[in-house]
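Engineer:
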Amino acid sequence: MSRLRRLAVFAAAAVLPALGLTLAGQATASAAPNFQVPFKCGVTVTAATFSGHNPANSVDFQKAGITGMPVLASAAGTVTRVANEGSTSYGRWIELDHGGGWRTRYAHLSAQEVSVGQKVNGGTQIGKAGATGGVTGPHLHFEENLNGVTQKAVLNGVAVPYYGHKDFTSKNNCGGNPYSAEQVCGSGFSVVDSQPLGTAGTSYLLYNASTKANCVTTLKAVSLGTASPVSAFLEVQGSARTTDSGSFTYYAGPVTKTAGSTCVRWGGSVGTSAYESPFEHCG
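In terms of the working numbering, the sequence shown opens at residue 576 and continues consecutively.
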């Protein structure tokens, strides 16, 4: 995952005015926020996609009894649109600007509970699902847009299938770090060791059996969503140490090195809580 995702300063600097205009000379778009399912923690909904959907790559969230269910902000941002198209198109809809060119849209709402210019946290209730606009039944229309183009949706690091139906259980505003060590290090990596850093977070060592690569990440458990000092390092015996450190919102890393049967030293820190292993995991 791109490091840009973790730097709060990037998102804050890129939030645009309430009118939703794109400024001349705007910086290159950053990686997507960790968009969450836009329903309360623990709610399971079906993400439906289909050819011919307008715009392409948008998602319809479906669930029996969805009308009136709270709709939550998929990520922190600023409200740029609170509109009502009546019985056509989106009906009642809301748009949020997340910075870096990223915006989300929530349509066919039965109620809108925010105003233009309002700043919201991820998990803030912004409205209620419904069946307004040009629909044949109640659902929530959802888009993840980058510079005005709807992207294939990813929810908490899991790609929505195109085209088809997939159930997602919301982790939105459930508390705790929304990332896992496997998400940070990527496909094929599994946790082989971990070390709590008091109550501040945890450093993880992962291994990919196919590539013989190790990966280290440190996940925060405090100051989540706020940039604060965190680090992760990995050292293959006989080689120089590689460290990722800085003020990040959720995690440091991934730090990846091929080790095979060579011992590694690994660890990390959150604030003043730190861990450094001996050389271990040698084969």
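Even glycine gets a Cβ: it sits at the ideal position worked out from N, Cα and C.
Predicted model only: the values in this text are computed from it and were never measured.
At the level of alpha carbons, what is the spacing between Ser762 and Gly705?
Structural biologist: Computed Cα separation, rounded: 37 Å.
Engineer: In whole angstroms, what separates the C-alpha of Pro771 from that of Val845?
Structural biologist: Going by the C-alpha atoms only, they are around 10 Å apart.
Engineer: Taking a contact to mean a Cβ-Cβ separation below 8 Å, would you say Ala651 touches Val695 in this structure?
Structural biologist: Result yes, Cβ atoms of Ala651 and Val695 sit closer than 8 Å.
Engineer: For His856, which three-state DSSP category applies?
Structural biologist: Here His856 sits in coil by DSSP.
Engineer: Going by DSSP in three states, Gln758 sits in which element: helix, strand or coil?
Structural biologist: Note: Gln758 maps to helix in three-state DSSP.
Engineer: Shortest alpha-carbon distance to Glu670 belongs to which of Gly698, Tyr754, Thr711, Asn720?
Structural biologist: Glu670 has its Cα closest to that of Asn720, out of Gly698, Tyr754, Thr711, Asn720.
Engineer: Using the C-alpha atoms, what's the distance from Gly835 back to Gly858?
Structural biologist: One C-alpha to the other measures close to 7 Å.
Engineer: Would you report the Cα separation of Ser814 and Cys760, rounded to the nearest angstrom?
Structural biologist: Spanning the two alpha carbons is a distance of roughly 21 Å.
Engineer: Output needed for Gln601: all residues of its chain with C-beta closer than 7 Å, excluding positions within five of it in sequence on either side, in chain order.
Structural biologist: With a pLDDT of 33 at Gln601, under the threshold of 50, the predicted position of this residue should be treated as unreliable, and no value is reported.
Engineer: Compare the C-alpha of Val791 against each of Leu781, Gly751, Glu718 and name the closest.
Structural biologist: When each option's Cα is compared against that of Val791, the closest is Leu781.
Engineer: Return yes when the Cβ of Lys615 is within less than 8 Å of the Cβ of Asn747, no when it is not.
Structural biologist: In contact: Asn747 and Lys615 (Cβ atoms closer than 8 Å).
Engineer: Restricting to runs no shorter than 3 residues, where is the beta strand (DSSP E) found entirely within the stretch 599-646?
Structural biologist: Fully enclosed beta strand (DSSP E) runs of 3 or longer: 619-624, 634-637.
Engineer: Where do the N-terminal and C-terminal ends of the beta strand (DSSP E) with Arg680 fall, by residue?
Structural biologist: 677-687 is the extent of the beta strand (DSSP E) around Arg680.
Engineer: Output needed for Thr693: all residues of its chain with C-beta closer than 6 Å, excluding positions within five of it in sequence on either side, in chain order.
Structural biologist: Checking the displayed sequence, the identity of residue 693 turns out to be Gln instead of Thr. Once the five neighbours on either side are set aside, the close Cβ partners of Gln693 are Val654.
Engineer: Pairing CB atoms from the stretch 747-757 with CB atoms from the stretch 623-643, are three or more of them under 8 Å?
Structural biologist: Taking 8 Å as the limit for Cβ pairs, the verdict is that the stretch 623-643 does not touch the stretch 747-757.
Engineer: I'd like the span of the beta strand (DSSP E) that includes Thr793, first residue to last.
Structural biologist: Segment 788-795, the beta strand (DSSP E) holding Thr793.
Engineer: Relative to the C-alpha of Thr831, which residue among Ser765, Thr847, Gly821 is closest?
Structural biologist: Selected option, being the one with the closest Cα: Ser765.
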